[in-house]
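Working notes, structure below.
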Amino acid sequence: MHPMTPAPYRVRSRRPDRADTVTLALRPVAGLCPSFLPGQFTMIYAPGVGEIPVSISGRARSGGYVQTIRAVGAVSGALCRTRPGDVVGVRGPYGTAWDLPAAEGLDVVVAAGGLGLAPLRPVIRELTAHSSRYGRISVIVGTRTPATLIYPGELARWRDRYGIDVQVTVDHPDRAWKGPVGLVTRLIDRIVFEPRRTFAFVCGPEAMMRASAAELVRRGVAAGRVMLSVERDMKCGVGRCGHCQLGPLLTCLDGPVLSYERAAGLLAVREL
Amino acid sequence: MNAVVTESLEPLIAELCSRGFTVVGPTTRDGAIRFAEISCAAQLPVGRGDEQQPGRYRLTERHDDLVFGFAASPDSAKRYTQPPRQRLFRMREGTVEEAETEAPRIALLGVRACDLAAIAVQDRVFLGGRHPDPAYRKRREAMVLIAVNCAVPGGTCFCVSMGTGPKATAGFDLALTELSDPHRFLIETGSDQGSEIVAAISHRPATGDDVVAAEEVSRVAATRMGRQVDTDGIQERLAGAHDSPRWADVASRCLACTNCTMVCPTCFCTTVEDATDFTGGLAERTEVWDSCFTLDFSEAGGSSVRGSGSARYRQWLTHKFSTWFDQFGMSGCVGCGRCITWCPTGIDVTEELGCIR
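What follows is the structure in structure tokens.
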């Protein structure tokens, strides 16, 4: 099989998360769905429109991928408009994974910005499923407005059922909002962790990841224990189109998940 | 050296045709040497030379009977190893039809040492990683490579600096060296298939004089490089040169026209095009050559990562000579000089490398 040929997947279910965001469950039309590691992505193809990389946010009960997509362009818009029964193309999973084993025995900080919570969802599910393996677990989330927060029900469940410290901040509050306002980095003040014994998973817009990772490191978390997920537009996902280059890295193969130790120098460079 | 001599390429071309190969060789077209299908030796550009300088390419008359008396042409083997447009697949009512992967049997005649090195680079890109490309593999396996050792390097050539030429040492089925007085071709074999082809055509064993004459052609060619590059520590030098003022200088001359990347035998970047039929029931996807000089080549979060021309030139040059090593363990430049010749403003990569600190 040519690495650029997708397999047909059927949309099994479609859950609107918010006005512009949907969570799809995708299952292969034929055969089995390849297993994935948290942090990996697939290339999803809207027939005739185009293909985009989308992080996997979970395994569907039906045996496929759960993927959360925000309509920001032609392809993501077309994917968000799909209905159960529609067929899309899927390649992958591709890319590097969140290093969960390295976090065992340590306090864990999960920091998400906006849609960055989607690739972290399998991390949080793993943490909740095996919470005894980790120290204190904190999930901090920043979002544009209360209405753009994804997975609000799950966030509440992680807090209520598993006792995880879940905190949410918004950039622009509405009248009903009673929580914190401002950048996600400010929530780092409000959670409890032992920096020298902490592992962090960070995902969101590049500026958010840079600021969050820098703040964690300033508090004493080792740069090699801060993982982030780098976003770059891709056409292939398999190291042959060149679009996702970040200095010496091909983000599709060497990323998206990188340690801050490796990524810091690259993210600090303008127009790399 | 296991070599033979023939006086004409006619039997070789006939033998390749009889074996079912489409013979593709240099011809004169559009005021340049271009690869095209040929059926006889008379179609080769006998007596034609070229003049190559930054931003300048002219065909010349050589006033001799050399068949390969010119340097690298705008076409490289890339046109055949990685075609400019390839259909990837069709999707029709929920089913995916993979593109036909039958590869044409092409005998590529006149491939230079720099281009053999470029094919080795492409092999690493398309076959060496975690996701090998079966269509590329089929094309490569169906291809016979008949190299020609350079006799007259162009004014923009620097293969000696890059360690890739001018003599073909590996990666060919046959390698020719064109000799004068009398006019003849020394043929070296580089594969079993090459040996079979040679065995089927009339030839005589090479004499010691033939071999010495051929060695002299490559020795002299090596002294006639139009350009040179100091590659010592180049990878580290470029990695540390992100803030060099030279990037802005070269950007003021660069038109971001993408010519350098289109003529480059190793530039492999592509994009995809999607189309549907009128009913929308059939979707088709095509991979086409792309270039890191286009504004929307690299995007993150919906905006261009490299908005400035200086960043795009830096990306290209740094990739070729530095980060290519990180990604593929080898240089991305083979010293063919095409990017210099075909730059409309004559930007000279060897000059830029010398100025970037």
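Line by line, the protein sequences are chains A and B. Going by our numbering, the first sequence wraps up at 272, each residue one higher than the last. Going by our numbering, the second sequence wraps up at 1357, each residue one higher than the last. We put the beta carbon where it would ideally sit given N, CA and C, even for glycine. Model, not experiment: these values are computed from the prediction.
- Taking every protein chain shown into account, the CB of Arg-1357 (chain B) has fewer than 16 other CB atoms within 10 angstroms, so this residue is exposed.
- Looking at the backbone, the Cα of Arg-1314 (chain B) and that of Arg-1224 (chain B) are separated by about 29 Å.
- Restricting attention to A:Gly-116, A:Leu-246 and A:Thr-198, the CA atom closest to the CA of Glu-1299 (chain B) is found in A:Leu-246.
- Contact annotation: Gly-1055 (chain B) and Cys-1336 (chain B) have beta-carbon atoms that are not nearer than 9 Å.
- For Trp-1247 (chain B), the enclosing alpha helix (DSSP H) starts and ends at 1246-1251.
- In the three-state scheme derived from DSSP, where H, G and I count as helix and E and B as strand, Glu-231 (chain A) is classed as coil.
- By the Cβ rule, the stretch 1083-1103 of chain B does not count as touching the stretch 1015-1024 of chain B, because fewer than three pairs are nearer than 8 Å.
- Distance from the Cα of Ala-1147 (chain B) is smallest, within the candidate group B:Arg-1130, B:Gly-1165 and B:Arg-1137, for B:Gly-1165.
- Look at Gly-1208 (chain B) here: in three-state DSSP terms it is helix.
- Note: Val-226 (chain A) is bridge-paired with A:Ala-200 in the DSSP secondary-structure output.
- Interface residue (Cβ-Cβ distance to chain B less than 9 Å): Met-209 (chain A) is not classified as such.
- Listed by position along chain A, the residues whose Cβ is nearer than 9 Å to that of Ala-1311 (chain B) are Arg-270, Glu-271 and Leu-272.
- Counting only the Cα atoms, Ser-1191 (chain B) lies some 54 Å from Arg-121 (chain A).
- In the three-state reduction of the DSSP assignment, Thr-42 (chain A) falls in the strand class, which pools E and B.
- Taking a C-beta cut-off of 9 Å against chain B, the contacting residues of the stretch 216-246 of chain A are Val-230, Glu-231, Arg-232, Asp-233, Lys-235, Cys-236, Gly-237, Val-238, Gly-239, Arg-240, Cys-241, Gly-242, His-243, Cys-244, Gln-245 and Leu-246, listed in chain order.
- By alpha-carbon distance to Cys-252 (chain A), the top candidate from A:Ser-35, A:Val-22, A:Trp-177 and A:Met-43 is A:Met-43.
- In this structure the stretch 1226-1241 of chain B lies against the stretch 1346-1357 of chain B, because at least three pairs of beta carbons, one per stretch, are closer than 8 Å.
- In the structure shown, the three-state DSSP call for Asp-1326 (chain B) is helix.
- Counting only Cβ-Cβ distances below 7 Å, Leu-250 (chain A) has contacts in chain B at Gln-1327, in chain order.
- Chain-order list of chain B residues neighbouring Thr-42 (chain A): empty, with the shortest C-beta distance near 14 Å, by a criterion of under 7 Å.
- Within the DSSP secondary-structure output, Gln-1193 (chain B) pairs in no beta bridge.
- Under the DSSP assignment, Tyr-162 (chain A) falls outside any beta strand (DSSP E), being part of the alpha helix (DSSP H) whose first and last residues are 152-162.
- Judged by beta-carbon spacing, Val-1111 (chain B) lies beyond the 9 Å limit of Met-4 (chain A), meaning their Cβ atoms are not closer than that value.
- For Glu-1236 (chain B), the uninterrupted alpha helix (DSSP H) run begins and ends at 1234-1239, by DSSP.
- Following the DSSP letters along the chain, one finds Ile-137 (chain A) inside the beta strand (DSSP E) bounded by residues 137-143.
- If you draw a straight line from the Cα of Tyr-1080 (chain B) to the Cα of Asn-1149 (chain B), it comes to about 20 Å.
- If you look at Trp-1289 (chain B), you'll find it in the beta strand (DSSP E) that goes 1282-1289.
- CA-CA distance, Thr-1207 (chain B) to Thr-1189 (chain B), rounds to 16 Å.
- Taken in chain order, the complete alpha helix (DSSP H) segments of 4 residues or longer contained in the stretch 78-133 of chain A are 117-129.
- The C-beta of Ser-1252 (chain B) has fewer than 16 other C-beta atoms within 10 Å across all chains shown, which makes the residue exposed.
- Pro-146 (chain A) is a Cβ neighbour of Ala-176 (chain A), given a cutoff of 9 Å.
- Shown here, Ala-1151 (chain B) sits in coil according to DSSP, grouped into three states, outside any helix or strand.
- The closest CA to that of Glu-1196 (chain B), considering only B:Leu-1174, B:Thr-1286, B:Ser-1076 and B:Cys-1264, is found on B:Leu-1174.
- Using a Cβ-Cβ cut-off of 9 Å, Arg-18 (chain A) does not count as an interface residue toward chain B, since no Cβ of chain B sits closer than that to its own.
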